[in-house]
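Going left to right, the sequence shown walks through residues 177 to 432 as the working numbering numbers them. Glycine is no exception: its CB is placed at the ideal position from the N, C-alpha and C atoms. In what follows, a single structure is set out as structure tokens and then discussed.
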Amino acid sequence: MDKVIASPADAIADIEDGSLLAVGGFGLCGVPFDLIEALHEKNTGNLTVVTNNCGVDGDGLGILLPDHKITKVIASYVGENKEFARQYLSGELELELTPQGTIAERLRAGGVGIPGFYTITGAGTAVADGGIPTRYNAAGEVIKTSGPKPTREFNGTEYVLEEAIVSDFALVHAYKADRHGNIVFNKAARNFNTPVAMSGKITIVEAEQIVEPGELDPDAIHLPGIHVHRVVQSSSRKVIENLTTRPKPATTGTGA
177 MDKVIASPAD AIADIEDGSL LAVGGFGLCG VPFDLIEALH EKNTGNLTVV TNNCGVDGDG
237 LGILLPDHKI TKVIASYVGE NKEFARQYLS GELELELTPQ GTIAERLRAG GVGIPGFYTI
297 TGAGTAVADG GIPTRYNAAG EVIKTSGPKP TREFNGTEYV LEEAIVSDFA LVHAYKADRH
357 GNIVFNKAAR NFNTPVAMSG KITIVEAEQI VEPGELDPDA IHLPGIHVHR VVQSSSRKVI
417 ENLTTRPKPA TTGTGA
């Protein structure tokens, strides 16, 4: 089955207002920039987004925030996006903070049909007990908090029950894909893209290279095509999240 779609706009055309999206990437590494841009141009709103973090100001998922296209975020990190933090603290969006490993496993579990799982992460803390602010009002007052989660003891240790996440659509960036949707990621860009892809009822992959079936080494495939529904050519745009430089060391020579 050829899963290649003509353009990012065509690939995301049926994402409607109010959809639950899972989006790959970590900071600006492995982010499906073209699919997010197409979503921004389509003007889709009232979105719930599951992601490690919400990009940075003006890039990645950050381009959806100024127009208030995102109403709820399930994520593990806020820090690199000032607009994201501002909207959360001013009551303009809801935030469900989730430990990083837990959110990855919630996505993976959704993809393999596991409705929930027990983890030690967060047991004995507000993650399990509830009370984490999820929404403020315009005056900066907490108006909604997380609720308590079921816990259970195994071999004398307390664990907390976390529910799986099944997203309506998953947006993913890949290094290579074949026309059947088999995927290869490049180094750290693999990050959250694998569990994100597994979670989607419909998974859309933008790939830097699209090859014919049989061209990928079966042992090199990170994600089999069974999880992928659409593939689109990526512009391969690369963005540096934090550019850090240092003075070039002075060169010394002894001469002849």
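Per DSSP, what are the beta-bridge partners of Ile246 in this structure? Leu223
Could you pull the start and end residues of the alpha helix (DSSP H) that Ala185 belongs to? 184 to 187
If we call anything under 8 Å between Cβ atoms a contact, is Val170 one with Ile416? This structure cannot settle anything about residue 170, because the visible part of the chain is limited to 177 through 432.
Checking 8 Å against the spacing of the C-beta atoms, do Leu433 and Ala187 come in under that value? This structure cannot settle anything about residue 433, because the visible part of the chain is limited to 177 through 432.
Classification of Glu213 by the beta-carbon crowding that lies within 10 angstroms, buried from 16 upward: buried
Below 6 Å CB to CB, which residues in the same chain sit around Gly194 once its five sequence neighbours on both sides are set aside? Asn222
Can you tell me whether Ala426 is helix, strand or coil according to DSSP? coil
Proximity of Glu382 and Ser410 at Cβ, strictly below 8 Å: yes
Leaving out five residues before and five after Ala426 in sequence, what residues of the same chain have Cβ atoms less than 6 Å from its Cβ? none
How many angstroms separate the CA atom of Asn362 from the CA atom of Pro242? 30 Å
Spatial neighbours of Asn367 within its chain, please: CB distance less than 6 Å, with the 5 preceding and 5 following residues excluded, ordered by chain position. Phe202, Gly206
Can you check whether the CB of Arg282 is closer than 8 Å to the CB of Ala340? yes
Euclidean distance between Cα positions of Asp235 and Glu329: 43 Å
Would DSSP call Val288 helix, strand or coil? helix
Quick one: residues in its chain with C-beta nearer than 8 Å to the C-beta of Gly300, no 5 flanking neighbours on either side, listed in chain order? Glu334
Relative to the C-alpha of Thr310, which residue among Cys230, Phe209, Leu265, Gly298 is closest? Leu265
For Glu256, name the three-state secondary structure that DSSP assigns. coil
Considering only the alpha carbon of each residue, which of Leu197, Ile296, Gly376, Thr321 lies closest to Ala285? Gly376
Where DSSP assigns a beta bridge to Tyr264, which residues make up the other side? Its beta-bridge partners do not exist; DSSP assigns none.
Quick check: what's the CA-CA separation for Ile246 versus Asn331? 42 Å
Give the list of continuous beta strand (DSSP E) stretches no shorter than 3 residues that lie fully inside the region 383 to 426. 406 to 409
Output the boundary residues of the beta strand (DSSP E) element that contains Thr370. No beta strand (DSSP E) contains Thr370, which is instead part of the alpha helix (DSSP H) from 369 to 375.
Do you know how far the Cα of Tyr312 is from the Cα of Val348? 31 Å
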